[in-house]
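The structure appears below as structure tokens.
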Ligand code: DLL
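In our numbering, the protein residues as written are 889 to 1323.
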């Protein structure tokens, strides 16, 4: 197996060296993609751009974007740059409608991916001898295999759990002396509930960290997880189109995720004008893969809303960071003309004592009027309170949410364990308005 350990040094490259490396890699990937993907040549021709016009990193802004529908329209192999015989693996992302999008990985791409996941784990303080309980799904979804190979490359013992059979997950976490958990934050909360029912206190186990991602989660949710499990909860970010988990990851400072910029060149654009925005400004994250050969993507629009942080991080890594992804430009819903993101509602009610981070947002329409109902689950202690105090609590939560999103909502308090749990990404919003 390749030795990826030395690659962690790339996290600390002086800015200028990093930019030189990025520029050199950008030229190579542009030329390579232009030569090997007829679709890309056509796209550039349509836009009247040639790769020669790109004379610096900043010139990347002259190139057209690639969006998810381009991947759908070229399904299944239309954007592959390598011959099929060199493709060692496919992954695919579950689209909500129609065909999935397919991504090709050459051995080089698998190596890049292992390397970045290894670097993510190193930044959490994980090392050889740690035991990783990997609850991300194995299969076409990138979570399972991504953490698996990255963990193995680091010399960690990996338990390939996948999701499901939650009782057994708790049992093995306890019996195997697991030190690192990886999975969606919503599924970990479910595991926490189950552990409590089984009389297992995760705080007493050797478990010390979690790599949580694949869905938006709030700072308030991090606090709950850290408190209930007695661990450090770290963010890991990624998307199938670019690599899977490991495009960016937090360090021990927990103040934004460092992007592995030597492989994935980030930009932030204004979602209206599509113009690049400076570091610090909020907008849509766009990536160019600098080293991939199976299906390189140039200026891929992620739909994830965040900003780039270029201030030095106290961990010493020079890689720029992204702020926690609070929402996607497309998971936003519009109600009575107001743009709302589930994460805003989550943060608002979690600030109220007695709530847990399990909730659902139900949108309905009655006589042309949109209504929003939020089901909020309570802790067992709180649920046993008097009717009067529960009514007070309900009103407090409704006020908090209203003052955050600016519209009135109906809050329904529900018993512990009644909001459906997911083993993968949580589905928070039920939009019944179009039915
Ligand atoms: O979710 C890859 C992944 C697996 C990342 C495991 C982290 C851990 P997709 O299924 O293609 O890939 O979904 C990608 O999920 O564009 C974001 O909207 C969202 N997402 C991923 N990580 C985070 C995160 C995987 N840490 C889409 N915070 C992305 C917020 C995230 N959203």
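We put the CB at the ideal spot given by N, CA and C, even for glycine.
Query, Result
"In terms of residues, what are the limits of the beta strand (DSSP E) holding residue 1113?", "It is not in any beta strand (DSSP E) - residue 1113 instead sits in the alpha helix (DSSP H) that spans 1107 to 1117."
"Under the three-state reduction of DSSP, which class applies to residue 1175: helix, strand or coil?", "strand"
"In the structure shown, what three-state DSSP assignment does residue 1076 receive?", "helix"
"Tell me which same chain residues have a C-beta within less than 6 Å of the C-beta of residue 935, skipping the five on either side of it?", "952"
"Does DSSP put residue 1257 in a helix, in a strand, or in coil?", "strand"
"Can you name the residues that DSSP bridges to residue 981?", "989"
"For residue 1184, collect the residues of the same chain with a Cβ closer than 7 Å to its Cβ; drop the 5 residues on either side in sequence, then sort them by chain order.", "917, 920, 921, 969 and 1177"
"What is the DSSP secondary structure of residue 1099, reduced to helix, strand or coil?", "strand"
"Got a sec: does the ligand DLL put a non-hydrogen atom nearer than 7 Å to the Cβ of residue 1210?", "no"
"Give me the Cβ distance between residue 1304 and residue 1266, rounded to the nearest whole Å; I'm assuming they're in contact under 8 Å.", "7 Å"
"Taking the alpha helix (DSSP H) that residue 913 falls in, what are its first and last residues?", "903 to 924"
"What does residue 1155 pair with, by DSSP beta-bridge criteria?", "1174"
"So, at 7 Å on beta carbons, what are the nonlocal neighbours of residue 1095 in its own chain, with the 5 sequence-adjacent residues on each side left out?", "1061, 1066, 1067, 1069, 1117 and 1119"
"Nearest to residue 1051 by CA position, among 1319, 1314 and 1320, is which residue?", "1314"
"For residue 1175, which option in 1075, 1130, 965 and 1004 has the closest C-alpha, if you only look at C-alpha atoms?", "1130"
"Is residue 965 buried or exposed, if buried means 16 or more other CB atoms sit within 10 Å of its CB?", "exposed"
"Expressed to the nearest angstrom, what Euclidean distance is found between the alpha-carbon atoms of residue 926 and residue 1181?", "15 Å"
"Using a Cβ-Cβ cutoff of less than 8 Å, which residues in the same chain neighbour residue 1025 once the five nearest sequence positions on both sides are dropped?", "1031, 1032, 1050, 1051, 1311 and 1312"
"CB residue 1160 to CB residue 1192, shorter than 8 Å?", "no"
"Look at the alpha carbon of residue 1057 and the alpha carbon of residue 908, and state the distance between them as a whole number of angstroms.", "46 Å"
"Per DSSP, what kind of secondary structure is residue 1054 in: helix, strand or coil?", "helix"
"Verify the contact flag: residue 1093, CB atom, against every heavy atom of the ligand DLL, threshold strictly below 7 Å.", "no"
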